[in-house]
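Colleague: Here it is: the structure, laid out below.
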Amino acid sequence: MPGFSSGGVGGGVGGPASAPPRPFRPSRYVPVSAATTFLVGSTTLFFCFTCPWLSEYFSSVIPIYNAVIFLFTLANFCMATFMDPGVFPRAEEDEDKEDDFRAPLYKTVEIKGIQVRMKWCSTCRFYRPPRCSHCSVCDNCVEDFDHHCPWVNNCIGRRNYRYFFLFLLSLTTHIVDVFGFGLVYILHHRQQLDTPHAGVTMAVMCVAGLFFVPVAGLTGFHIVLVARGRTTNEQVTGKFRGGVNPFTNGCLRNISHVLCSSQAPRYMGRWRGPQSVEVHPPFLRPPLTEAQLEAKVLDNGIQNDRHSTRSKSSLDQMESQSADAEPPPPPKPELRYPGLPRADTEESSLLTEAPPTPSMYKYRPAYSSPGRNHTALTHPNKMIRGESLDSPSTSILQSSHHPSYRSEPSSLDGATVVGGGVGARRGGGERGEGPGGPGGMTGGVSGGMSGYSLAGRSYTSYPSSLVLSTGGSHSSSLRSAHTAHNALATLQSEGTTDTSYKSLANQTPRNGSLSYDSLLTPSESPEFESVASAGAPLQGYTSPFLSAQIAQQREGQLLQGSASFSSPHRAYLRAVSPPPSSPPGPPETQHLLQHNQDSSRPPRASSHAPSSSSSSPRARSLEPPLKKVIGIETCCCLFVFVLICTTHLHVPLSLVHFLNIPLPLPTFPDGCPIRSTSRPGLTNHSTSKPGGGVKKVTGVGGTTYEISV
Amino acid sequence: PLKNTNICFHNLQELRHSASLATKVFIQRDYSEGTVCRFQTKFPSELDSRIERTLFEETVKTLNSYYAEAEMIGGQSYLEGCLACATAYIIFLCMETRYEKVLKKISGYIQEQNEKIYAPRGLLLTDPIERGMRVVSFFHGRLFTAQNLGCKCDEKSSRCF
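Respectively, the protein sequence lines represent chains A and B.
Counted from 1, the first sequence has number 653 at position 653 by the UniProt record's numbering; the numbering is strictly sequential.
Counted from 1, the second sequence has number 62 at position 62 by the UniProt record's numbering; the numbering is strictly sequential.
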């Protein structure tokens, strides 16, 4: 029987460290209850009121067919709801030993020739495998994380994606059937529409018609995802924008992998049979003194069973789906072995000091004060959690840094060296890879940094796999990177996101909370990416999984009519971040749909002229009202329509300009009424054109459009 | 031979908590071919003095082949899927999936390897499924007996108090 995972049930007998029981939140169950009610209720009414006549008039195959489809839908719904999506158990303390807190936040791995970054998960305490993501709603890392679906109140991951997909397919079929047969009934009872049967049938048809649009949209979206071998997480965070997906094996193989592969095993709650242990030779463990036990308890912040509680309790202090707590960093290796004599004296000094973390200074260059507590920099209400967590974590930092740790260059040398070590190795050792190597890395990193500084807390959801320029090496350890130190002067000034310490991994987990909410709050990733790409046009923003040698080329190609996934998405952002006069909400999406469908209209950018240079504050300021106004998955489905339209209609370049996509475009097709003057790095530079009827519009990144009105 | 000794069969989880002074070596996953389950066959330096390279590599390669077999998309997995759909997944209550069957084989293999090869060298190989198949871990160094831990064992439930 599939494991039950809803409601935060912990591991079973003898199971590994599992998620702690979470407080009961009734609001989480509202969507799933509503979905169940509508599904079961409407179908029951259909069977009771419509089917008897249908079976008499036509044949009894109809109700049987409908019953079969309904049961299939219900079965898949239950499996998607109750099945463990592929939760990874928390890593135990011993695994941290290798990755002490000076080790980088990211580890790179090469998958089919493409560098993929694995991020350190501070809650689960391991480097997340590729395609794994941490869901902040469930507080677990999930394998092959797709998204967190509120309608089934469960994450969708490797184990239950198939059931979710089949649920969508069967639900669409079921809705079509119910609507169709209801229509047949109504058409044959046109004179008896006042009977209760007809009334109920019409009501059921209305419900079916209402749900058809979002469900079908979502189904279409997932069909595209399955065919392309992507997860929702990857699609929405734009990891493959213009790049290569290393996880795809071709359309047919992707489909067969989803539908025909064997059911993946669960990792949580496994019964572990007794294992015998040979002893060669017997060994007496030295008795631990009380102080040593204390030290052991404190050295990595908390014991296994407590550490996740701590991270969870800190989670409670903030809204769901926002940034995660600041779990303590992995401890110093020496502290792990309380038998060593040093541990005692170090611990006592650790606990009394609480220094701030200067490495935050480099991590967030927008915040220039090194002396401040790093938690203050990240988020106002994080201060509380940070303080509570501060003493063990920062004391650990303190203890393991040299006294010179306060001076940022020394600590940051470490940080920059790691990522730069990679870059330098690549640059130096892999000249044959192509000219874009170091530049691509720089671009990616600086793009990342500018995105971080602009988008506030959005760095947490920076796609956890960032392409670095090609190179085969795994750069996981600081120790190996020290040789490349001096090659990284260029990187230091820009700061590096991927070389932050794991100890700063407090900011991690936004990226995991991918319900469709993140479609409306895309400020984290896609927006940041659009900002980054706009803000660093010359440096060549590299989207993930992209080999650096084509990164520069992609930048130029990105919007040239090739309906990439991002353009409608960014267009959506753009369309909803207009001057304040436009009302938010459904009119925005109307705009969007209109624009995409009516490409023949002359571009009128006057109503869509963003005058400021950055889209991120605007988009973000509109998020809360948007969230409330538009249903999230409905939005997703509309968005899917847009995607499908633009994918297949090959949005012309002029339309793209009209929608004010903020990328510098070096060339223009002739005859386009919009001329653009690309001014990288500048904003709002107006050269007033003589003569009336020319309007200047400035996009993000300083691209200026002159539009004849 | 183990039945003759007077130790109880410890759940490896418990031992791990106690065996904090045993050194652990972790073999990480090899992601070069995507997310299929493979482990790196690179020989870790910490085991250099303890076991022959060939034995280690053979173990890891055999494990990799088992996992490849489990994840293979072929006739059996397809039939299993169809049967599951046809019975509205009730079949999962009665039947063990292909993957689970292979996992059982793997645990048996690991147990056998431990008994024959690793334990005589003072090593203990753990089943990767316990850690979410992210790593294979080798314990080495010295481990504990029940007597040394001073606990009383209930041999029926295989638990320690």
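Ideal placement from N, C-alpha and C gives every residue a C-beta, glycine not left out.
Note that the structure is predicted; figures quoted are calculated from it, not measured.
Less than 7 Å separating the beta-carbons of PHE167/A and ILE156/A?
Modeller: Counted from its first residue, the first sequence places residue 167/A at position 167. Counted from its first residue, the first sequence places residue 156/A at position 156. No.
Colleague: Run through chain B and tell me which residues come within less than 8 Å of CYS260/A, C-beta to C-beta.
Modeller: Counting from 1 along the first sequence, the entry for residue 260/A is found at position 260. In chain order: ILE73, SER77, TYR78, GLY81.
Colleague: Could you compute how far the alpha carbon of ILE91/B sits from the alpha carbon of ALA84/B?
Modeller: Locating residue 91/B in the second sequence gives position 91, counting from the first residue. Locating residue 84/B in the second sequence gives position 84, counting from the first residue. Near 6 Å, if we compare the C-alpha coordinates of ALA84/B and ILE91/B.
Colleague: Does the beta carbon of LYS104/B sit closer than 7 Å to a beta carbon anywhere in chain A?
Modeller: Taking the second sequence and counting its residues from 1, the one referred to as residue 104/B is at position 104. Cβ-Cβ to chain A under 7 Å: no for LYS104/B.
Colleague: Does chain A have any CB closer than 7 Å to the CB of LYS24/B?
Modeller: Along the second sequence, one-based indexing puts residue 24/B at 24. So yes, LYS24/B belongs to the interface.
Colleague: Please report whether the beta-carbon of LEU179/A lies at a distance below 7 Å from any beta-carbon of chain B.
Modeller: Looking up residue 179/A in the first sequence gives position 179. The displayed chain sequence assigns Phe, not Leu, to residue 179/A. PHE179/A does not count as touching chain B.
Colleague: Under the three-state reduction of DSSP, which class applies to residue 162/B: helix, strand or coil?
Modeller: Because chain B is modelled from 1 through 161, residue 162/B falls outside the range shown and cannot be assessed.
Colleague: Indicate whether residue 755/A and CYS141/A have their beta-carbon atoms separated by less than 7 Å.
Modeller: Because chain A in this structure spans residues 1 to 709, residue 755/A falls outside the shown range and cannot be described.
Colleague: Run through chain B and tell me which residues come within less than 7 Å of VAL109/A, C-beta to C-beta.
Modeller: In the first sequence, residue 109/A corresponds to position 109, counting from 1. Listed by position along chain B, the residues whose Cβ is nearer than 7 Å to that of VAL109/A are TYR31.
Colleague: Report the partner residues of LEU54/A according to the DSSP bridge assignment.
Modeller: The residue you call residue 54/A lines up with position 54 of the first sequence. The partner list for LEU54/A (beta bridge, DSSP) is empty, contrary to what the question assumes.
Colleague: Using a Cβ-Cβ cut-off of 7 Å (strictly less than) and excluding sequence neighbours within five positions of ILE110/B, which residues of its own chain qualify?
Modeller: Translated into the one-based positions of the second sequence, residue 110/B becomes position 110. LEU125, ASP127, listed in sequence order.
Colleague: For THR173/A, does the three-state DSSP call read helix, strand or coil?
Modeller: As a first step, residue 173/A must be located in the first sequence, where it is residue number 173. If DSSP states are grouped into helix, strand and coil, THR173/A belongs with the helices.
Colleague: When the Cβ atoms of the segment 61-70 of chain A are set against those of the segment 230-248 of chain A, are three or more pairs found closer than 8 Å?
Modeller: Pairwise C-beta distances place the segment 61-70 of chain A out of contact with the segment 230-248 of chain A, as fewer than three of them are shorter than 8 Å.
Colleague: Is any beta-carbon of chain A found at less than 7 Å from that of GLY108/B?
Modeller: Taking the second sequence and counting its residues from 1, the one referred to as residue 108/B is at position 108. It does not: the Cβ of GLY108/B has no partner Cβ on chain A nearer than 7 Å.
Colleague: Can you find a CB in chain B that lies within less than 7 Å of the CB of PHE88/A?
Modeller: Numbered from its first residue, the first sequence carries residue 88/A at position 88. Taking CB atoms only, PHE88/A has a neighbour in chain B less than 7 Å away.
Colleague: Can you tell me the Cα-Cα spacing of PRO130/A and ASP48/B, whole angstroms?
Modeller: For this step, residue 130/A is matched to residue 130 along the first sequence. For this step, residue 48/B is matched to residue 48 along the second sequence. Between PRO130/A and ASP48/B, the C-alpha separation is close to 29 Å.
Colleague: If I measure Cβ to Cβ from VAL136/B and keep anything under 6 Å in the same chain, skipping five residues before and after, which residues do I get?
Modeller: In the second sequence, the residue the question calls residue 136/B occupies position 136. Excluding sequence neighbours, VAL136/B sits near ILE27, PHE39, PRO128.
Colleague: Please tell me whether THR97/B and SER262/A are closer than 7 Å, where the distance is taken between their beta carbons.
Modeller: Residue numbering aside, residue 97/B sits at position 97 when the second sequence is read from its first letter. Residue numbering aside, residue 262/A sits at position 262 when the first sequence is read from its first letter. Contact: yes.
Colleague: Would you say GLU52/B faces chain A, with C-beta separation under 7 Å as the test?
Modeller: To locate residue 52/B, count along the second sequence from 1; it is residue 52. With 7 Å as the cut-off, GLU52/B does not count as an interface residue toward chain A.
Colleague: Note down the Cα distance separating THR173/A from TYR31/B, rounded to an integer number of angstroms.
Modeller: As a first step, residue 173/A is located in the first sequence; it is residue number 173 there, counting from the start. As a first step, residue 31/B is located in the second sequence; it is residue number 31 there, counting from the start. Their backbone Cα atoms lie some 38 Å apart in a straight line.
Colleague: At 7 Å on the CB atoms, spell out the chain A contacts of VAL60/B, in chain order.
Modeller: Numbered from 1 along the second sequence, position 60 holds the residue referred to as residue 60/B. Result: empty, since nearest Cβ-Cβ is about 17 Å, beyond 7 Å.
Colleague: Using 8 Å as the Cβ pair cut-off and three pairs as the minimum, do the segment 171-191 of chain A and the segment 203-213 of chain A touch?
Modeller: At 8 Å Cβ cutoff, the stretches touch.
Colleague: Just how far apart, CA to CA, sit LYS24/B and PHE77/A?
Modeller: Residue mapping note: residue 24/B aligns to position 24 of the second sequence, counting from 1. Residue mapping note: residue 77/A aligns to position 77 of the first sequence, counting from 1. Going from the Cα of LYS24/B to the Cα of PHE77/A covers about 42 Å.
Colleague: Which value, in whole angstroms, describes the spacing of the CA atoms of ARG241/A and MET133/B?
Modeller: Here residue 241/A refers to the residue found at position 241 of the first sequence. Here residue 133/B refers to the residue found at position 133 of the second sequence. One C-alpha to the other measures close to 30 Å.
Colleague: Any beta carbon of chain A sitting closer than 7 Å to that of TYR66/B?
Modeller: In the second sequence, the residue the question calls residue 66/B occupies position 66. With respect to chain A, the C-beta atom of TYR66/B has no partner C-beta closer than 7 Å.
Colleague: Here's the rule: buried if 16 or more other CB atoms are within 10 angstroms of the residue's CB, otherwise exposed. What is THR37/A?
Modeller: Position 37 of the first sequence holds residue 37/A. Label assigned to THR37/A: exposed.
Colleague: Which one or two residues does DSSP pair with residue 710/A in a beta bridge?
Modeller: Given a span of 1 to 709 for chain A in the structure shown, any question on residue 710/A remains unanswerable.
Colleague: Among GLN191/A, TYR161/A, THR201/A, GLY269/A, which one has its Cα closest to the Cα of ILE223/A?
Modeller: Along the first sequence, read from residue 1 onward, the residue named residue 223/A stands at position 223. Cα-wise, what sits closest to ILE223/A is TYR161/A.
Colleague: Using DSSP with H/G/I as helix, E/B as strand and the rest coil, what is PRO104/A?
Modeller: The residue you call residue 104/A lines up with position 104 of the first sequence. If DSSP states are grouped into helix, strand and coil, PRO104/A belongs with the strands.
Colleague: Go ahead and label SER45/B buried or exposed: buried means 16 or more other beta carbons lie within 10 angstroms of its beta carbon, across all protein chains shown.
Modeller: Position 45 of the second sequence holds residue 45/B. Answer is exposed; the Cβ neighbour count stays below 16.
Colleague: Taking all protein chains shown into account, do 16 or more other C-beta atoms lie within 10 angstroms of the C-beta of PHE82/A, making it buried, or fewer, making it exposed?
Modeller: Here residue 82/A corresponds to residue number 82 of the first sequence, with the count starting at 1. By the neighbour-count rule (16 or more Cβ atoms within 10 Å), PHE82/A is buried.
Colleague: Against VAL135/B, what residues of chain A qualify as contacts under a CB-to-CB distance less than 9 Å, listed in chain order?
Modeller: The count along the second sequence starts at 1 and reaches residue 135/B at position 135. The answer, in chain order, is ALA91, GLU95, PHE126.
Colleague: Please report whether the beta-carbon of MET79/A lies at a distance below 7 Å from any beta-carbon of chain B.
Modeller: Here residue 79/A is taken as the residue at index 79 of the first sequence, counted from 1. Yes, contact with chain B.
Colleague: Determine the DSSP secondary structure at GLU234/A, reduced to helix, strand or coil.
Modeller: Taking the first sequence and counting its residues from 1, one reaches residue 234/A at position 234. In this structure, GLU234/A counts as helix in the three-state DSSP scheme.
Colleague: Taking its Cβ as the centre, do 16 or more other Cβ atoms sit within 10 Å of GLU347/A, making it buried, or is it exposed?
Modeller: In the first sequence, residue 347/A corresponds to position 347, counting from 1. Low confidence applies here, because GLU347/A scores a pLDDT of 43, under 50, leaving its location unreliable; read the following figure in that light. GLU347/A comes out buried.
Colleague: Between the Cα of ASP94/A and the Cα atoms of LEU74/A, PHE126/A, PHE72/A, which residue gives the shortest distance?
Modeller: Mapped onto the first sequence, residue 94/A falls at position 94. For ASP94/A, the nearest C-alpha among the options comes from PHE126/A.
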